[in-house]
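A.B. asks:
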Amino acid sequence: LAAVQLAQGRAREALGTVEATMGFYESLRAFGFKGGFARLVYAEALLATGEVEAASAMLSAGRERLLAEAARVTDPKMRRSFLRSVPEHARTLELLSEWPESELVMAE
105 LAAVQLAQGR AREALGTVEA TMGFYESLRA FGFKGGFARL VYAEALLATG
155 EVEAASAMLS AGRERLLAEA ARVTDPKMRR SFLRSVPEHA RTLELLSEWP
205 ESELVMAE
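Count along the sequence shown from 1, add 104, and you get the number used in my numbering.
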């Protein structure tokens with residue numbers, strides 16, 4: 105829903121929706137296979153509402169999780185596919201590659 109709200113230009117609503125979603129996932133301690141998508145939408149909603157530092161931190165945390173998960177994939181082709189062919193993974197890494205390094209907030 106938050107991704108749709110963002111696409112419709114309803115950034116504040118999207119931020120509220122994704123914050124509720126993230127809170128729910130965190131309460132369960134279970135992000136599952138949609139965790140990467142949820143983090144990406146959260147970062148994009150933060151960017152759309154001008155919360156650049158928080159978006160940077162969310163993207164950095166997302167990258168750290170992606171790289172940790174990718175490191176467990178032993179086949180190099182599958183690892184590359186995991187990072188480049190899964191749309192939310194590729195978009196997370198793409199957003200970070202466009203960010204000036206001096207402005208990145210590193211994940212805690």
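Think of the CB as a built atom: it goes at the ideal place given N, C-alpha and C, for glycine as much as any other residue.
Since the structure is predicted, the reported quantities are computational estimates derived from the model, not experimental observations.
Where does L200 fall in DSSP's three states?
C.D. replies: Three-state result, L200: helix.
A.B. asks: Have a look at P204, L170 and E202 and flag the residue whose alpha-carbon is nearest the alpha-carbon of S189.
C.D. replies: Of the listed residues, the one whose Cα sits closest to S189 is L170.
A.B. asks: Cβ-heavy atom distance between A147 and the ligand GTP below 7 Å?
C.D. replies: In terms of ligand content, the structure shown is empty, and the ligand GTP therefore cannot be addressed.
A.B. asks: For the alpha helix (DSSP H) that contains R188, what are its first and last residues?
C.D. replies: Its alpha helix (DSSP H) spans residues P180 to R188.
A.B. asks: In chain order, what residues of the same chain lie with their CB nearer than 8 Å to the CB of L213, ignoring the 5 residues before and after it?
C.D. replies: The displayed coordinates of the chain run from 105 to 212. Any statement about residue 213 would go beyond what the structure contains.
A.B. asks: With distances taken Cα to Cα, identify the nearest neighbour of A152 among Q112, E198 and A194.
C.D. replies: The option with the nearest alpha carbon to A152 is Q112.
A.B. asks: Grab me the residues of R195's own chain with a C-beta within less than 7 Å of its C-beta, minus the 5 sequence neighbours each way, in chain order.
C.D. replies: Excluding positions up to five away in sequence, the list reads L144.
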